[in-house]
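Visitor: Residue numbers (my numbering): 264 to 768. The C-beta atom is built at its ideal place from N, Cα and C for all residues, glycine as well.
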């Protein structure tokens, strides 16, 4: 009873915190007939080619009927085989709604509450701000409104040897940059903590990562029939029907991405580590459309627990909000629930319209995949809703912009790196936030070894006349390291407002 009262209190407070928009009248939806689906397929292929995305798999569901589940393009450039609805992709941050669904189920089972203090469940968690540490509740891990800033580079560059326990420990140095609950600040670490917390609650005797993996399998993948979905990186890479990641390198060439880059996600896998297929992700979207019921009508979780995740918690745009690992978009006149995801060489999108009981999944294996997925969402909504058709115009703009970006990326880049600048680099550097960086010189190239992966760097002249080192390998192409002086004893890399320093050792 106490947990149920806490849950009701959470829902009441969440409704008050933003004054979320009222549910608009249900907008009439056009039926997707064969003619509309054929037009959509044509747009998919045209957009895929213009945006240079190697492959895309798309699924559309209305009620319990799958209207489309197909693949386009290539699983891997230079190899035979097109993707299909059973092709495995890394789905990135569309993992987050699955993790929030796991927590919702545990809330429904009375095993925790959204408003439970974090310290009651994860006493080892420490934050630099003791007041914030006392105030944080379970739901703050998923709302992107904790006040803690986004810090992705510690995940992407410093992941070698990292563990879920180490991820929790790393938060001890984080200072809030905004008041709790007031500003949207996306995070990958905090939803990961939410997943590990769920694992702790479900299987307290297991290590945090193993507990999360087992909880997801038993509480989500198996009941929903997501038989192809996995959290195992090594298992995914052994699948024959796998889409390989692709990206643009420093010479503006579309090439396969080194999969080692994406091992950084393993430590934070509740935020982005799921590998799945269109058919499996449609099973998840179908559960959302059925409001928590399984295909046979049996309850999976209550509507109250399901809907708690889509209550607006913080505004992200004039007509957009973020809930508990779900975005709520009112820009189309009818609420659209969605989430995007991207890792090195992969991008994904899932969205659904609860009032119309229509949803879609888009999985891609290219750097421009998120642009493509958003365009496909726009085009599909144009076919469904009485809104202005703009997808074709957006595609022309994006395709033209892509070419301009490629030219800009090439401007001023020197490859191999300027030897006069490279000679000053120390053999190794260390950052307390990002770990070790070793400098390798191989066959005339300068390469940065981060432990988990190695990337070639070029040089580019900065506006102040100094030379910076720029990663040119696909996946992290463009990431820039700036020496603080001519001797390069310190290298600075920036992430939005965050500044990280590597110091020569």
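1. Within the continuous beta strand (DSSP E) that includes residue 602, where are the two ends?
2. Looking at the structure shown, is residue 318 part of a helix, part of a strand, or coil, going by DSSP?
3. Can you check which of these residues, 457, 478, 328, is closest to residue 465 by C-alpha distance?
4. Distance, Cα to Cα, residue 622 vs residue 662?
5. Please classify residue 727: does DSSP put it in a helix, a strand, or coil?
6. Skipping 5 residues on each side, what residues in its chain have a beta carbon closer than 7 Å to that of residue 390?
7. Spatial neighbours of residue 594 within its chain, please: C-beta separation below 7 Å, excluding the five flanking residues on both sides.
8. Is it true that the CB of residue 575 sits closer than 8 Å to the CB of residue 598?
9. Measure the alpha-carbon distance for residue 387 versus residue 370 and round it to whole angstroms.
10. Excluding the 5 residues preceding and the 5 following residue 714 in the sequence, name in chain order all residues of the same chain whose CB lies nearer than 7 Å to its CB.
11. For residue 728, count neighbouring Cβ atoms within 10 angstroms of its own Cβ and tell me buried if that reaches 16, exposed if not.
12. Between residue 626 and residue 614, which are expected to be in contact by the criterion C-beta below 8 Å, what is the C-beta distance as a whole number of angstroms?
13. What is the rounded straight-line gap between the Cα of residue 640 and the Cα of residue 323?
14. For residue 572 and residue 685, what's the separation of their Cα atoms in angstroms?
15. Among 301, 722, 292, which residue has its Cα nearest to the Cα of residue 513?
16. Closest to residue 660 by C-alpha separation, out of 561, 297, 314, 305, would be which residue?
17. Nearest-angstrom Cα distance between residue 717 and residue 710?
18. In the DSSP assignment, find the unbroken beta strand (DSSP E) run with residue 585 in it and report its ends.
19. Report the three-state DSSP secondary structure of residue 563 (helix, strand or coil).
20. Buried or exposed, going by whether 16 or more other CB atoms sit within 10 Å of the CB of residue 309?
21. Taking the CB atoms as reference points, tell me whether residue 400 and residue 425 lie closer together than 8 Å.
22. Go ahead and pull the three-state DSSP assignment for residue 449.
23. Pull up the distance between the alpha-carbon of residue 562 and that of residue 736, whole angstroms please.
Guide: Here's the rundown:
1. Residue numbering aside, residue 602 sits at position 339 when the chain shown is read from its first letter. Start and end: 599-606.
2. In the chain shown, the residue the question calls residue 318 occupies position 55. In this structure, residue 318 counts as strand in the three-state DSSP scheme.
3. Along the chain shown, read from residue 1 onward, the residue named residue 465 stands at position 202. Nearest option by C-alpha distance: 478.
4. The residue you call residue 622 lines up with position 359 of the chain shown. The residue you call residue 662 lines up with position 399 of the chain shown. Residue 622 and residue 662: Cα-Cα distance of roughly 26 Å.
5. Within the chain shown, the letter at position 464 stands for residue 727. It is coil, neither helix nor strand.
6. Residue 390 sits at position 127 when you count from the first residue of the chain shown. Result list for residue 390: 396, 434, 435, 437, in chain order.
7. Here residue 594 is taken as the residue at index 331 of the chain shown, counted from 1. Counting only residues of its own chain and dropping the five nearest sequence neighbours on each side, residue 594 has a CB closer than 7 Å to the CB of 582, 583.
8. For the purposes of this step, residue 598 is taken as the residue at position 335 of the chain shown. For the purposes of this step, residue 575 is taken as the residue at position 312 of the chain shown. In this structure, residue 575 does not lie closer than 8 Å to residue 598 by Cβ.
9. Within the chain shown, the letter at position 124 stands for residue 387. Within the chain shown, the letter at position 107 stands for residue 370. Residue 387 and residue 370: Cα-Cα distance of roughly 22 Å.
10. By one-based count along the chain shown, residue 714 stands at place 451. Apart from sequence neighbours up to five positions away, the residues of its chain that approach residue 714 with a beta-carbon distance below 7 Å are 423, 698, 699, ordered along the chain.
11. Taking the first residue of the chain shown as position 1, residue 728 is located at position 465. Residue 728 should be labelled exposed.
12. For this step, residue 626 is matched to residue 363 along the chain shown. For this step, residue 614 is matched to residue 351 along the chain shown. Incorrect: roughly 13 Å between the Cβ atoms, too far for contact.
13. Residue 640 sits at position 377 when you count from the first residue of the chain shown. Residue 323 sits at position 60 when you count from the first residue of the chain shown. Here the alpha carbons of residue 323 and residue 640 stand approximately 10 Å from one another.
14. As a first step, residue 572 is located in the chain shown; it is residue number 309 there, counting from the start. As a first step, residue 685 is located in the chain shown; it is residue number 422 there, counting from the start. Spanning the alpha carbons of residue 572 and residue 685 requires a straight line of approximately 50 Å.
15. One-based indexing of the chain shown puts residue 513 at position 250. Taking the Cα of residue 513 as reference, the smallest distance to any Cα among 301, 722, 292 is reached at 722.
16. On the chain shown, position 397 is the one that residue 660 refers to. Ranking 561, 297, 314, 305 by Cα distance to residue 660 puts 314 first.
17. The residue labelled residue 717 in the question sits at position 454 within the chain shown. The residue labelled residue 710 in the question sits at position 447 within the chain shown. Going from the Cα of residue 717 to the Cα of residue 710 covers about 7 Å.
18. As a working note, residue 585 is residue 322 in the chain shown. Where residue 585 is concerned, the enclosing beta strand (DSSP E) stretches over 583-585.
19. The residue you call residue 563 lines up with position 300 of the chain shown. Residue 563: coil per DSSP, three-state reduction.
20. Counted from its first residue, the chain shown places residue 309 at position 46. Its Cβ having fewer than 16 others within 10 Å, residue 309 is exposed.
21. Working through the chain shown from its first residue, we reach residue 400 at position 137. Working through the chain shown from its first residue, we reach residue 425 at position 162. No. Outside cutoff.
22. Translated into positions along the chain shown, residue 449 becomes position 186. In the structure shown, residue 449 sits in coil (DSSP, three-state: anything other than H, G, I, E or B).
23. Residue numbering aside, residue 562 sits at position 299 when the chain shown is read from its first letter. Residue numbering aside, residue 736 sits at position 473 when the chain shown is read from its first letter. When rounded, the separation of the alpha-carbon atoms in residue 562 and residue 736 is 48 Å.
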